[in-house]
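Student: Per our numbering, the sequence shown starts with residue 6, numbered consecutively. Handing you this structure, nothing more for now.
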Amino acid sequence: MTVVHVFAGGDPVTSERIERLGPADLVIAADSGADIAAAAAVTVDILVGDLDSISASAMERIFDGETVIEAHSPDKDATDLELALEVALRNDPHEIVFVGGGGGRLDHLLGNVGVIGSPAARHVRVSWVMERETAHVIRGSRSIATTPGQLFSLIPIGGDAGGVHIRHARWPLRDASLRVHGSVGISNVASREEVEIEVAEGAVLAIFNQGRSASASQIQQSTGG
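Pasting the structure below:
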């Protein structure tokens, strides 16, 4: 089963956090995502994009290795991250982990959400790792390892989500509907070491905050104490 890591630009992600991801069968960098990979001493197998934001040092590292470069004109109809997703899907992956892509311009951030939640990857397990959050695209059911008190939110992507269940949380949901323009899934609290999420219709982005937990009273309430 092929695991692909896709490095995006944006705010940096520490090497310690990247090391915890484990090994990948294929590493793809979308333009300046190569800088995040280089900072963590990760070798890029394929560099894709218009190459307008990658640093000179990261490019030098690319040229010194065996990285395949898929260069595109700036006059293109897709972002570098969307092009990177297309490359990832060509390799028939079981799992795609996007790294970086947070912060920076709001339009780029929202565009990244659209790419990461793309229905083109609906048969692939997709996660998104940033420095302060880890997000998971959920279609169907999935159990997420967590810690009691960890804050998380569910955001519908690509349209409304229906038949949503959340188990082992301060505010469980049962057969709920999450609307694109609503806020029902915002700011929940994990009550056990695993949160179970099920989505019957559509998809959600489950965002777990790293290093931010609920208060002791909220944790006590969520565990029934």
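By construction, the Cβ of each residue, glycine as well, lies at the ideal position given by its N, Cα and C atoms. It should be emphasised that the depicted structure is a prediction, and the values quoted were computed from it without experimental measurement.
Need the endpoints of the beta strand (DSSP E) that Ile171 sits in, please.
Tutor: Gln155 to Arg172
Student: If we require 4 or more residues per run, which alpha helix (DSSP H) segments fall completely within the segment 38-109?
Tutor: 38-44, 61-69 and 85-95
Student: For the beta strand (DSSP E) holding Val32, just list the boundary residues, first then last.
Tutor: Counting along the chain, the beta strand (DSSP E) containing Val32 begins and ends at Leu31 to Ala35.
Student: Answer yes if the segment 180-191 comes into contact with the segment 117-127, meaning at least three C-beta pairs across the two stretches below 8 Å, and no otherwise.
Tutor: no
Student: From Thr48 to Val32, what distance separates their C-alpha atoms?
Tutor: 7 Å
Student: By DSSP's criteria, Gln145 is part of a beta bridge. Which residues make up the other side?
Tutor: Looking at the sequence itself, residue 145 is Gly, so the reference to Gln does not match. Answer by DSSP bridge pairing, in chain order: Val204.
Student: May I ask you to check if the CB of Asp30 is nearer than 7 Å to at least one heavy atom of the ligand COA?
Tutor: Absent from the structure shown: the ligand COA. Ligands present: none.
Student: Indicate the three-state DSSP secondary structure (helix, strand or coil) for Ile224 in the structure shown.
Tutor: Interpretation of Ile224 is limited by its pLDDT of 49, a score under 50 that renders its predicted location unreliable; the figure taken from the coordinates is listed afterwards. Collapsing the DSSP output to three states places Ile224 in a helix.
Student: Quick check on this structure: which residue in Glu198, Gly167 and Gly145 has the alpha carbon closest to the alpha carbon of Gln155?
Tutor: Glu198
Student: Report the residue from Glu75, His170 and Arg22 whose alpha carbon sits nearest the alpha carbon of Val189.
Tutor: Out of Glu75, His170 and Arg22, His170 has the C-alpha closest to the C-alpha of Val189.
Student: Looking at the secondary structure, which residues open and close the alpha helix (DSSP H) in which Leu111 lies?
Tutor: Leu111 to Ile121
Student: Return the Cβ separation of Gln143 and Ile202 in integer angstroms, given the expectation that the two are a contact with Cβ distance under 8 Å.
Tutor: The residue asked about is misnamed: residue 143 is Ile in this sequence, not Gln. Right, their Cβ atoms sit about 5 Å apart.
Student: For Ser20, report the span of its alpha helix (DSSP H) as first-last.
Tutor: Ser20 to Glu24
Student: Within the same chain, show all residues whose beta-carbon is closer than 7 Å to that of Ile212, passing over the 5 residues directly before and after it, in chain order.
Tutor: Glu138, Ala140, Phe157, Ser158 and Ile160
Student: Output the distance between the C-alpha atoms of Ser60 and His186, rounded to the nearest integer angstrom.
Tutor: Taking the straight line joining both Cα atoms gives about 38 Å.
Student: Three or more C-beta pairs under 8 Å: does that hold for the segment 67-82 against the segment 93-109?
Tutor: no
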